[in-house]
Structures are given as C-alpha cells and as structure tokens.
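Participant: One structure, as structure tokens, below. Some questions next.
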Amino acid sequence: MTDNTSPERKIDSGNKVDALSKEERRQFEEGGYLIFTEFFNNEWNQEMTRALEELQVLRPDSKAIVPYPVFNRLLLNGNLIGIVKSLLGEEFLFHHANGRSLPSSDAGKVWHHDYDGLVQWKPGKPLMIHLLGYPQGIDEKRGSLAILPKSHLKTVGRSMPNIHALKNLDGEIQISGKPGLLVVLNSALWHSRRLNSTPSRRPYFNYSFCQFGIERPERNEYSDMLKDLSESIGKESEDFVRMILQSNTLKKKSLK
83 MTDNTSPERK
93 IDSGNKVDAL
103 SKEERRQFEE
113 GGYLIFTEFF
123 NNEWNQEMTR
133 ALEELQVLRP
143 DSKAIVPYPV
153 FNRLLLNGNL
163 IGIVKSLLGE
173 EFLFHHANGR
183 SLPSSDAGKV
193 WHHDYDGLVQ
203 WKPGKPLMIH
213 LLGYPQGIDE
223 KRGSLAILPK
233 SHLKTVGRSM
243 PNIHALKNLD
253 GEIQISGKPG
263 LLVVLNSALW
273 HSRRLNSTPS
283 RRPYFNYSFC
293 QFGIERPERN
303 EYSDMLKDLS
313 ESIGKESEDF
323 VRMILQSNTL
333 KKKSLK
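In terms of our numbering, the sequence shown opens at residue 83 and continues consecutively.
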C-alpha cells in the first residue's frame, strides 16, 4: 500500500465536494492516480455489495451496473462527482459504469490500460478517468490492484502492457485497502488485478468519465444503456442527464 492517500475525504462526510486540493491534483497529473481510504461508509458498502451480487444473477452476461438504484444514486453523489469535476471541469461526459462480484477462483487480469480513443492519450490532451471502488476491500491475498505510477505518460496501445502478463514490474505499487476503498486513475495508467487466493468473493466497480474533444468509440456502444439510464434518473437530475446523453457531441468542445 502506498502512503499517497487522502483518508480524510469520505462520502457523505460533510467535506466540501467541489474541489480536490492543489496537491491532490498535482499528484494525479504527475503520478496518474489518487487513493482514498474508506471513502464509502458501511451503509454504502453493504448496499453496493448486495447490488453487485444481485446484478451477477440478473445480468450474467453484462458488467453494466447502471441503471440500478444504488449505482444510479452514486452517479449523482456530490462527493464522488466533486472529484470528477476537479479533474475534468464542470462539463464532462459519462463513459460507463461496470462492476462484478468476482469469484474466489478469479485468476486476476494482466497489465493493461483503459484509455478509449482513436489516438493514444498524451499529456495536455482531453482526459479520461476511471474511479475504482472496493466495497469489501482488497489485499495482497484478495486480488490487490497493481499500478505503475507515471505509466500514463507513455504513449502505447491498450494491449501493449499485456506482454508483461501478471509479472511484478519495477516501480509498481500494489494497492490494498479496507472496505470502502476508492482509487482514481488516469485511464491511460497501466494496472493489473492480482489473483484472489481466498475463499471470499471480490466485489468491485468502476465509473469512467471523460472530457470533450476526443472521439470515444466505445461510448457509442453504450447508447441503449445511456437511454435506459436517462429514463431511470431523469427525474432526479435533468441537467446531469442532458450531459450524459450527449452521445452525438463527443467533439462538442475542444480544450482551449
């Protein structure tokens, strides 16, 4: 586990939700990640764990976790979206929300990154971020998350890091944490999931958001999900839904 954490920032804690600190933004820009320990409280952890187990049954062939009540509410939560706005600005696009309750037999996932764009990301270009949540925590025996700090500064395709399989890489950090852990990644950062050698399941989820200015091929595949999501949460946040549904305006704005 790294020391670069912000344990004081928690969901529903009353913290100001509109900004990360200058130091947090600097760390994200340079290292490509942020770690928030116990970001989610026990109530959220229990409800999200239960929902992931239910979705495993209801949608066995899909990793999509929205629309679904608890994950709809999280998408509208000011504490979570406050982090997103700090990194992407007031206007941004929702990309996807995925998750699973992985079995104890899960063998992990090889090194990769998750940036979606026709051209690989470079510093200064429109950002894409992933927010990874672990309602039951992770550790070195229960599928820790390995990341390679600063690897987002490399210009490589998404599958290129696969050549390293699950090997330990020089400079990597293996992230462990208690229930409620939240990890925020530049989507171009290399990461891998280590194997789960415990008898316990490993629930996780990720939300992804991006800035305007770059075509996102994968986002076009989610048009039905975006429509269903807008109908599901439209009455709660019409402005937010309008932003989510800008599926045909991925290049609406170029960064100045």
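From the three backbone atoms N, C-alpha and C, an ideal C-beta is built for every residue, glycine too.
Can the beta-carbon of residue 171 be found less than 8 Å from the beta-carbon of residue 297?
Facilitator: By one-based count along the sequence shown, residue 171 stands at place 89. By one-based count along the sequence shown, residue 297 stands at place 215. No, Cβ-Cβ distance for residue 171 and residue 297 is not below 8 Å.
Participant: How long is the line joining the alpha carbons of residue 307 and residue 250, rounded to whole angstroms?
Facilitator: On the sequence shown, position 225 is the one that residue 307 refers to. On the sequence shown, position 168 is the one that residue 250 refers to. Cα to Cα, the separation comes out at about 36 Å.
Participant: Taking the CB atoms as reference points, tell me whether residue 292 and residue 214 lie closer together than 8 Å.
Facilitator: Residue 292 sits at position 210 when you count from the first residue of the sequence shown. Residue 214 sits at position 132 when you count from the first residue of the sequence shown. No.
Participant: Provide the residue span of the beta strand (DSSP E) that contains residue 272, from first to last.
Facilitator: Sequence index remark: in the sequence shown, residue 272 carries index 190 (1-based). Taken as a continuous stretch (DSSP letters only), residue 272 belongs to no beta strand (DSSP E), as it is neither H nor E.
Participant: Between the beta-carbon of residue 277 and the beta-carbon of residue 133, is there less than 8 Å?
Facilitator: Here residue 277 refers to the residue found at position 195 of the sequence shown. Here residue 133 refers to the residue found at position 51 of the sequence shown. Cβ atoms of residue 277 and residue 133: not closer than 8 Å.
Participant: Measuring straight from C-alpha to C-alpha, what distance separates residue 195 and residue 162?
Facilitator: Against the sequence shown, residue 195 aligns to sequence position 113. Against the sequence shown, residue 162 aligns to sequence position 80. Spanning the two alpha carbons is a distance of roughly 22 Å.
Participant: Counting C-beta neighbours from all protein chains within 10 Å, is the total for residue 237 16 or more, i.e. buried, or is it exposed?
Facilitator: For the purposes of this step, residue 237 is taken as residue 155 along the sequence shown, with counting starting at 1. Exposed, by the Cβ-count rule.
Participant: So what's residue 168 in DSSP terms, helix, strand or just coil?
Facilitator: Taking the sequence shown and counting its residues from 1, one reaches residue 168 at position 86. Residue 168 falls in the helix class under three-state DSSP.
Participant: Given this structure, state the Cα-to-Cα distance separating residue 136 from residue 224, to the nearest angstrom.
Facilitator: Translated into the one-based positions of the sequence shown, residue 136 becomes position 54. Translated into the one-based positions of the sequence shown, residue 224 becomes position 142. Each residue's Cα considered, the two are about 21 Å apart.
Participant: For residue 158, tell me which candidate among 140, 233, 179 and 116 has the shortest Cα-Cα distance.
Facilitator: The count along the sequence shown starts at 1 and reaches residue 158 at position 76. When each option's Cα is compared against that of residue 158, the closest is 179.
Participant: Could you compute how far the alpha carbon of residue 295 sits from the alpha carbon of residue 272?
Facilitator: Locating residue 295 in the sequence shown gives position 213, counting from the first residue. Locating residue 272 in the sequence shown gives position 190, counting from the first residue. Using only the alpha carbons, I get a separation of about 23 Å.
Participant: Please report the distance separating the alpha-carbon of residue 139 from that of residue 288.
Facilitator: Here residue 139 is taken as the residue at index 57 of the sequence shown, counted from 1. Here residue 288 is taken as the residue at index 206 of the sequence shown, counted from 1. About 19 Å.
Participant: Who are residue 343's beta bridge partners in DSSP?
Facilitator: Residue 343 cannot be examined here, being either before or after the span of the chain that is shown, 83 to 338.
Participant: Please confirm whether residue 267 and residue 212 have their CB atoms less than 8 Å apart.
Facilitator: The residue you call residue 267 lines up with position 185 of the sequence shown. The residue you call residue 212 lines up with position 130 of the sequence shown. A contact, by the Cβ cut-off of 8 Å.
Participant: Cα separation between residue 197 and residue 300?
Facilitator: Reading the sequence shown from its first residue, position 115 is the one you call residue 197. Reading the sequence shown from its first residue, position 218 is the one you call residue 300. Taking the straight line from one Cα to the other gives about 10 Å.
Participant: Can you give the beta carbon distance from residue 230 to residue 253, rounded, assuming they're within the 8 Å contact cut?
Facilitator: Residue 230 sits at position 148 when you count from the first residue of the sequence shown. Residue 253 sits at position 171 when you count from the first residue of the sequence shown. About 6 Å; that satisfies the 8 Å criterion.
Participant: Leaving aside the five residues before and after residue 203 along the sequence, list all residues of the same chain whose C-beta is less than 6 Å from its C-beta, in chain order.
Facilitator: Position 121 of the sequence shown, counting from 1, holds the residue named residue 203. Counting only Cβ-Cβ distances below 6 Å, and skipping sequence neighbours, we find 197 and 270.
Participant: Here's a check: name, in chain order, each residue in its chain whose Cβ is nearer than 8 Å to the Cβ of residue 153, leaving out the five neighbours to either side.
Facilitator: In the sequence shown, counting from the first residue as 1, residue 153 sits at position 71. Only 130, 133, 147, 179, 181 and 287 meet the Cβ criterion.
Participant: Output yes or no for whether 8 Å exceeds the beta carbon distance between residue 185 and residue 283.
Facilitator: Position 103 of the sequence shown, counting from 1, holds the residue named residue 185. Position 201 of the sequence shown, counting from 1, holds the residue named residue 283. Yes; because the gap between Cβ atoms is below 8 Å, this pair is in contact.
Participant: At what residues does the beta strand (DSSP E) containing residue 181 begin and finish?
Facilitator: Translated into the one-based positions of the sequence shown, residue 181 becomes position 99. Residues 175-184.
Participant: Where does residue 204 fall in DSSP's three states?
Facilitator: The residue you call residue 204 lines up with position 122 of the sequence shown. The answer is coil: DSSP assigns residue 204 none of H, G, I, E or B.
Participant: How big is the Cα-Cα spacing for residue 281 and residue 127?
Facilitator: As a first step, residue 281 must be located in the sequence shown, where it is residue number 199. As a first step, residue 127 must be located in the sequence shown, where it is residue number 45. Cα to Cα, residue 281 sits roughly 19 Å from residue 127.
Participant: Which of helix, strand or coil does DSSP assign to residue 286?
Facilitator: Along the sequence shown, read from residue 1 onward, the residue named residue 286 stands at position 204. Here residue 286 sits in strand by DSSP.
Participant: Within the same chain, show all residues whose beta-carbon is closer than 6 Å to that of residue 246, passing over the 5 residues directly before and after it, in chain order.
Facilitator: As a first step, residue 246 is located in the sequence shown; it is residue number 164 there, counting from the start. Taken in chain order, the residues that qualify are 193.
Participant: For residue 265, list the residues DSSP reports as bridge partners.
Facilitator: Walking along the sequence shown from the start, residue 265 turns up at place 183. Partner(s): 117 and 214.
Participant: Helix, strand or coil, according to DSSP, for residue 247 in the structure here?
Facilitator: Mapped onto the sequence shown, residue 247 falls at position 165. It is coil, neither helix nor strand.
Participant: In three-state terms, what does DSSP make of residue 294?
Facilitator: For this step, residue 294 is matched to residue 212 along the sequence shown. Reduced to three states, the DSSP call for residue 294 is coil.
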